[in-house]
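Below: one structure, written as structure tokens.
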Amino acid sequence: MTFDIVQHLFWLIAALGGGFFGAAIGGNFSFVITGFTALMALGAAAIPTTTGDPGAVSATVFGYLAFGPFTGPHVAFGGAVAGAAYAAHKGYTESGKDIVLPLARLGKPDVLLVGALFGGIGYIIQQIYANIPWFGTHTDSVAVTVVTSALIVRAVFGKNATDPEHGSSLVNFEKRIDGLKPRDDAAWLRHMETPGQLVPLGFFAGLLAAGAALYLAFTFPGIAGNANVFPFAISAVTILFLNIGYNIPVTHHITNIAGLGAIMFFPIFLGNAAYGPKGFDPTAFAHALTTDSKMAGAAIGALIVGALFGVMAAFLGEFGARLLYNRGTTHIDPPAFAIFISNTIVWVVALIVQAAAGIGA
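Heads up: the sequence shown begins at 2 in the working numbering, then just goes up one per residue.
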């Protein structure tokens, strides 16, 4: 076997452990750990190596720990989603959507083994998505895998012992009762579902994220392509407070996309080609920073663009909840739905603007 095959086999086997761990401690708690590992990864990647290249450190710590077999959401969180659905399907629990409480509490090894299986499945699916020409480099392959894995889970375990009247249809909503409109027994987060709630949350959380991502990119141009991970990771850590009973807003889809939008549009506003055949070019940041006369205006413009993309992500999260989560018997993650669609929209808009401005790479 070639080295690549052996490496993928290593990662796949390790992902079984990641899925088991995610199911054992609960999906939301595993995602909090993703936030911590992502912060560590960003810090490690920002430290210059002996060659001055953060690439090797970034690939190892980001790729394996934060977004790989260790606590990658497509592995650990996906395993927890599968375990929760299976537990309800078998009648061990009342809800297949409970991704908060650790499944190890049930004392049922089969539940955790299902989590392990879907950890491995998540790794395989993500690798497939990541290697699709164009799409793989112009979306968030982890987020789209989280959604795909959850759709498979619903198809397999959608019928459960405590809710036998509902089938395993992927989109579960009752047309006779207000279509997709949320109600008390079919809603994601009641404190962030109306336009009056989503617009300010998306915009100001977006501003917060865009500003942080830009300043990190200014300071460490080599990691500009991952600077949006910082506000995303902070949002992931705050899920801990939601887990213990405080109704804080869920914002990682907003902060991820707002930070990404700001990073991608800053060099464009300065007339630098940020995108080429291999995706985002972090050297565009280093070059853009030399044009001091325009930098302030470009940074403010990127800040606003990031905030607007944050609003878009907020609405897409709620749309995903109404379409796939609210009336379903299993968990299909609204933020992951929003992230993968928003990520691709940001890419497409940026590429169109860059081409229209005549600064294509």
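Glycine included, C-beta positions come from ideal geometry on N, C-alpha and C.
- Cα atoms of THR94 and ILE346: separation of roughly 38 Å, rounded to the nearest angstrom.
- Taking 9 Å as the cut-off, the Cβ atoms of ALA308 and ALA237 do not count as close.
- Secondary structure note for ASN244: its alpha helix (DSSP H) is the uninterrupted segment 230-244.
- Under the DSSP assignment, TRP348 falls in the alpha helix (DSSP H) whose first and last residues are 335-357.
- Only residues of its own chain outside the window of five on either side were considered, and among them GLU194, ASN327 have a CB closer than 7 Å to the CB of ALA188, listed in chain order.
- Residue range 28-47 is occupied by the alpha helix (DSSP H) that includes PHE32.
- Here the C-alpha atom of ALA263 lies approximately 8 Å from the C-alpha atom of GLY302.
- Closest option to PRO74, judged by alpha-carbon separation, among THR146, VAL115, ILE14, PRO103: THR146.
- Counted as a single uninterrupted DSSP element, the alpha helix (DSSP H) harbouring ILE258 occupies residues 253-270.
- By DSSP's assignment, THR331 forms a beta bridge with GLY97.
- For ALA188, the three-state secondary structure derived from DSSP is coil.
- By the Cβ-count criterion, ARG323 is buried, with 16 or more other Cβ atoms from all chains shown falling within 10 Å of its own Cβ.
- Contact fails between the region 226-234 and the region 18-32, because fewer than three Cβ pairs, one in each stretch, are under 8 Å apart.
- Straight through space, the alpha carbons of ALA83 and VAL157 are spaced by roughly 9 Å.
- Put simply, the backbone Cα of SER142 is about 20 Å away from that of ILE14.
- Shortest Cα-Cα distance from ARG155 to any of ILE333, ASN344, ILE342 involves ILE333.
- For THR72, the secondary structure class from DSSP, reduced to helix, strand or coil, is coil.
- One thing to note: VAL62 has its Cβ no nearer than 9 Å to the Cβ of TYR87.
- Under the rule that a run must span 4 or more residues, the alpha helix (DSSP H) segments found entirely inside the region 88-134 read 110-131.
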